[in-house]
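S.K.: There's a structure below that I have some questions on.
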Amino acid sequence: MTQRLKQMASILRSTFEHFLQDDCRRHAAALTFTTLFAVVPMMTVVFTALAAIPSLQHVSGDIQGFIFDNLAPTSGAVVRDQLTSFSQQAGQLTIVGIIMLFVTAVMMLVTIEKAFNEIWQVQSARNGLVAFLRYWAVLSLGPFLLGAGFLLSSYLMSLKVFSDTAGVVGTVLPGIGLIPVFFTTLGFTLLYTTVPNCRVPWRAGIISGFAAAVLFELAKKGFGLFITSFSSYQLVYGAFAALPVFLLWIYISWMIILYGVELSRGVALQETFSEGQRHPVLTMLSVLALLHGRHRNGEGVKEVEVMRVVGRQHQADWSSFAKLLDQHKLARTTREGDLVLARDLSDINLLDLLKQLPWQMPLAADFASYPSEPWLAGVQAIIAPVEKTMDESLVQPLGQLLAVEVS
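See below:
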């Protein structure tokens, strides 16, 4: 239990540090600005999709309430009425206008993916048909899944209130009031696992999704308390008071969402790390060995897979590792974000690699503390006699070496 708590504390500390290092506050500000332009198109797409299915129309009011509770929890009826009015007016647009709304919504998703990819250190975003299909799935299937969830919620609530099985439901589902948190967790989980252009483990997505949902609910309550306690802003802004409040809440929301991305990455990488000191040269050889094995099968390597051999010690240094691989034309990143070999490793020897890398040659102690690898013994067998020769050659006393008579 103590070890698990230490591990959790390590993840949270590392996540917060990376949250600051990755400048997530700037990303949140940029996404807040983008949200102003995309919120109406996104809502229009959602409501249009729900209207296309008759069986979901009777829960559309619940879904709208759920969206507004999370989008503008304390902005009052002003923002809600305006957003609803804008969405209804957008529903009367021509086909050209609808296409433009769809493009605006897609641009919002592209901006989100870019921010997520920067946190995951993915070099390239999705392109072409793959990106279009992913965005289409989010915009079309998202409302249907949300509607299906509210249908289930309505059914369970009807059992609890009107059915003779109310006692059973109350016993089996005592947390039925937490259904909104469940939907928020589900939404964040899907966001964290599908948007980044890399493979995100479901366990990391679920943990970060739940954490973000809890932070979101706490933020809503805290934000509501702040607004009701400090109402002097209404005296300053008057009729425009709802606008800065709305912007502030959107900014806080994106801060929470981006922290969830950092947490998902932290959990995913923590699962792959092993303890112990790692010599950077041996770490680089581990990465090259992984790339070499995948290269023979015509496959690339995901960043999370690379982190399995990099280790916690060099997590923050991975960007410099990647630059060295690219600089010496050893590896490159594909459009899909995979890392692949850029040249045949048969054309480079160990001496050439050691000359190119900025680190000293690993010694016997470094091999002893390094995790077991199939190639490790072969490399150690080559370096061991070199180390022995160095030891024998460098034992000369400094007094003897520096005793040079000047004539």
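Count the sequence shown with this note's numbering and you get residues 1382 to 1788, in order.
Note that CB positions come from ideal geometry on N, CA and C, so glycine has one too.
No experiment lies behind these values; they were computed from the predicted model shown.
Hey, how far is the Cα of A1512 from the Cα of L1744?
M.R.: Counting from one through the sequence shown, the residue named residue 1512 turns up at place 131. Counting from one through the sequence shown, the residue named residue 1744 turns up at place 363. Going by the C-alpha atoms only, they are around 47 Å apart.
S.K.: From I1480 to M1489, what does the alpha carbon distance come to, in whole angstroms?
M.R.: Walking along the sequence shown from the start, residue 1480 turns up at place 99. Walking along the sequence shown from the start, residue 1489 turns up at place 108. Between I1480 and M1489, the C-alpha separation is close to 14 Å.
S.K.: Report all residues from its chain with a CB closer than 7 Å to the CB of F1497; omit the five preceding and five following residues, and keep chain order.
M.R.: Within the sequence shown, the letter at position 116 stands for residue 1497. The beta carbon of F1497 lies closer than 7 Å to those of V1576, P1577 and V1642 in the same chain, with the five residues before and after it left out.
S.K.: Can you name, in chain order, every residue of its own chain whose Cβ lies under 7 Å from the Cβ of Y1751, other than the five neighbours on each side?
M.R.: Position 370 of the sequence shown, counted from the first residue, corresponds to residue 1751. R1659, H1660, L1663 and L1757.
S.K.: Please report the Cβ distance between L1720 and L1672, rounded to the nearest whole angstrom; I am assuming they are in contact, meaning their Cβ atoms lie under 8 Å.
M.R.: Start at 1 with the first residue of the sequence shown, and residue 1720 comes out as number 339. Start at 1 with the first residue of the sequence shown, and residue 1672 comes out as number 291. Their Cβ separation, rounded to whole angstroms, is 6 Å, which keeps L1720 and L1672 in contact under 8 Å.
S.K.: Using the three-state DSSP reduction, which class does R1507 fall into: helix, strand or coil?
M.R.: In the sequence shown, counting from the first residue as 1, residue 1507 sits at position 126. Coil, per DSSP.
S.K.: Counting only the same chain and skipping the five closest in sequence on each side, list residues whose C-beta sits under 6 Å from that of L1722.
M.R.: Taking the first residue of the sequence shown as position 1, residue 1722 is located at position 341. Closer than 6 Å at Cβ, skipping near neighbours: L1672, H1676 and A1712.
S.K.: Would G1590 and T1609 qualify as a contact pair, given that the criterion is a beta-carbon distance under 7 Å?
M.R.: Locating residue 1590 in the sequence shown gives position 209, where the first residue counts as 1. Locating residue 1609 in the sequence shown gives position 228, where the first residue counts as 1. Not closer than 7 Å, so no.
S.K.: In terms of residue numbering, what span does the alpha helix (DSSP H) encompassing V1595 cover?
M.R.: Taking the first residue of the sequence shown as 1, we reach residue 1595 at position 214. Start and end: W1583 to S1610.
S.K.: Does the segment 1679-1686 touch the segment 1621-1640, meaning 3 or more C-beta pairs lie closer than 8 Å?
M.R.: With the cut-off at 8 Å, the segment 1621-1640 and the segment 1679-1686 do not touch.
S.K.: Assuming the contact rule is C-beta atoms closer than 8 Å, M1665 and L1738 should be a hit. Round their C-beta distance to whole Å, please.
M.R.: Translated into the one-based positions of the sequence shown, residue 1665 becomes position 284. Translated into the one-based positions of the sequence shown, residue 1738 becomes position 357. Their Cβ separation, rounded to whole angstroms, is 6 Å, which keeps M1665 and L1738 in contact under 8 Å.
S.K.: What residue range does the alpha helix (DSSP H) around A1762 cover?
M.R.: Taking the sequence shown and counting its residues from 1, the one referred to as residue 1762 is at position 381. Residues L1757 to S1774.
S.K.: In its own chain, which residues sit with a C-beta less than 8 Å from the C-beta of A1592, not counting the 5 before and 5 after it?
M.R.: Stepping through the sequence shown from its first residue, residue 1592 is reached at position 211. G1641 and L1644.
S.K.: Let me confirm a value: W1740 is counted as buried when at least 16 other C-beta atoms fall within 10 Å, else exposed. Which label applies?
M.R.: Numbered from its first residue, the sequence shown carries residue 1740 at position 359. Exposed, since its Cβ has fewer than 16 Cβ neighbours within 10 Å.
S.K.: Check the DSSP bridge columns for V1721 and list the partner residues they point to.
M.R.: By 1-based counting over the sequence shown, the position of residue 1721 is 340. Answer is R1713.
S.K.: Closest to T1396 by C-alpha separation, out of F1563, L1639, L1572 and P1625, would be which residue?
M.R.: Counted from its first residue, the sequence shown places residue 1396 at position 15. For T1396, the nearest C-alpha among the options comes from L1639.
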